[in-house]
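Colleague:
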Amino acid sequence: MPDGLWDAADRLPEHGVAWLRCHREGQQAYVEPLAAAPGDVTSAHVRLRRLAATPAHRELAAYWSGPRTSGAPARLTAPAAGLLASLLADDLDRWATGAPRTAGLPATRRLRRIDLRTLTVTEHPVLPVPDVAPMPGKDG
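Residue numbers (this note's numbering): 1 to 140.
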């Protein structure tokens, strides 16, 4: 993936384009919150929240900035691919049709982690990260 691609795509909701992010880190897949409107959770927010939540923030940042794979990419099993596809399709269908969620967090505020070995899905709430106020100027 080219550097900056997701940062550029984070601006799509400002132009009326929704996007739903899914990526894999080793044997874990992540379905990020649906971003459909300005102010929704972006991929940058998810990265900041995940870095803040782990004691291994240096390792995670290094993983994200370095080469993520070597050799041939590992293939998803058919059950793992089917589960990911169904989770993504359900989020998009509910968003597009306005169908109410049946349980859990709304798709625009939920990060899902899928263990690709056991197909265990866990949900984690995610809120946008507020902009940081500028540093006050020094009086001269």
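Backbone N, C-alpha and C fix where the C-beta goes; we use that ideal spot for every residue, glycine too.
Could you give the distance in angstroms between the alpha-carbon of G26 and the alpha-carbon of A61?
Modeller: As a first step, residue 26 is located in the sequence shown; it is residue number 26 there, counting from the start. As a first step, residue 61 is located in the sequence shown; it is residue number 61 there, counting from the start. Using only the alpha carbons, I get a separation of about 15 Å.
Colleague: Where does the unbroken alpha helix (DSSP H) through H45 begin, and where does it stop?
Modeller: Here residue 45 refers to the residue found at position 45 when the sequence shown is read from its first residue. Taken as a continuous stretch (DSSP letters only), the alpha helix (DSSP H) holding H45 covers 43 to 53.
Colleague: How is the alpha helix (DSSP H) around L83 delimited, first residue to last?
Modeller: Along the sequence shown, one-based indexing puts residue 83 at 83. Residues 78 to 97.
Colleague: What are the partner residues of Y30, as DSSP defines its beta bridges?
Modeller: Counting from one through the sequence shown, the residue named residue 30 turns up at place 30. Answer is H23, R113, bridged to Y30.
Colleague: Which residue comes first and which comes last in the alpha helix (DSSP H) that contains L5?
Modeller: On the sequence shown, residue 5 is found 5 positions in, with the first residue counted as 1. Start and end: 5 to 9.
Colleague: Going straight from the alpha carbon of T42 to that of R21, what length do you get?
Modeller: On the sequence shown, position 42 is the one that residue 42 refers to. On the sequence shown, position 21 is the one that residue 21 refers to. Spanning the two alpha carbons is a distance of roughly 9 Å.
Colleague: With distances taken from CA atoms, which of Y30, L119, P13 is nearest G39?
Modeller: Against the sequence shown, residue 39 aligns to sequence position 39. The option with the nearest alpha carbon to G39 is P13.
Colleague: Whose C-alpha, out of G98, D115, L105, is nearest the C-alpha of H23?
Modeller: Residue numbering aside, residue 23 sits at position 23 when the sequence shown is read from its first letter. Looking at the Cα atoms, D115 is the closest of the given residues.
Colleague: Specify, as a first and last residue, the run of the beta strand (DSSP E) that V121 falls within.
Modeller: For the purposes of this step, residue 121 is taken as residue 121 along the sequence shown, with counting starting at 1. Start and end: 120 to 125.
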